[in-house]
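Some notes on the structure that comes next.
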């Protein structure tokens with residue numbers, strides 16, 4: 001089967017919500033191949049502890065590619081302890097310029113509890129303007145839902161969970177089986 005004939009992996013919605021000194025990253029568990037759900041309980045949000053500092057990362061896209069990027073991010077964080085922005089920029093530069101990494105198909109949301117960034121293979125390191133970031137197939141639905149709730153009395157976990165539920169109701173590649181990680185600085 002050629003790459004063009006491969007039905008393609010779909011799935012994942014990851015959201016990061018920063019509010020009240022806390023950041024919550026939540027991700028669904030669905031992995032689909034074409035129109036078939038292959039797994040409903042994948043864990044796409046992880047806590048990293050390079051060099052003693054804590055970072056939470058969520059990924060959308062190819063799992064193997066995302067794990068490669070997470071390993072690279074950990075090494076960048078070990079080289080620049082406590083400097084999440086610098087580590088993210090260094091990862092994005094490598095991702096954009098390295099012949100092997102350039103072909104990786106994934107996106108990341110990373111946070112240390114103070115800062116939150118979306119990292120893409122196009123060399124982007126983006127900090128969300130409205131304290132909400134979302135990636136993946138249902139990302140835009142989750143983003144819109146979360147932004148609508150940011151002015152409410154809900155805490156960041158409630159916002160993330162409700163936004164993910166809304167995304168799961170709309171996006172066929174997103175389910176309600178969540179992994180949620182909280183971090184504060």
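Residue numbers (full-length UniProt numbering): 1 to 185.
Backbone N, C-alpha and C fix where the C-beta goes; we use that ideal spot for every residue, glycine too.
For the pair residue 12 and residue 61, the Cα-to-Cα distance works out to about 7 angstroms. For residue 122, the secondary structure class from DSSP, reduced to helix, strand or coil, is coil. In the three-state DSSP reduction, residue 52 falls in the helix class (H, G or I).
Residue 123 places its beta carbon 9 angstroms or farther from that of residue 28. Residue 26 carries a strand assignment under DSSP once its states are collapsed to helix, strand and coil.
Secondary structure note for residue 161: its alpha helix (DSSP H) is the uninterrupted segment 156-170.
For the set 177, 130, 109, the Cα lying nearest the Cα of residue 119 is the one of 109. Taken through DSSP and simplified to helix, strand or coil, residue 44 comes out as coil.
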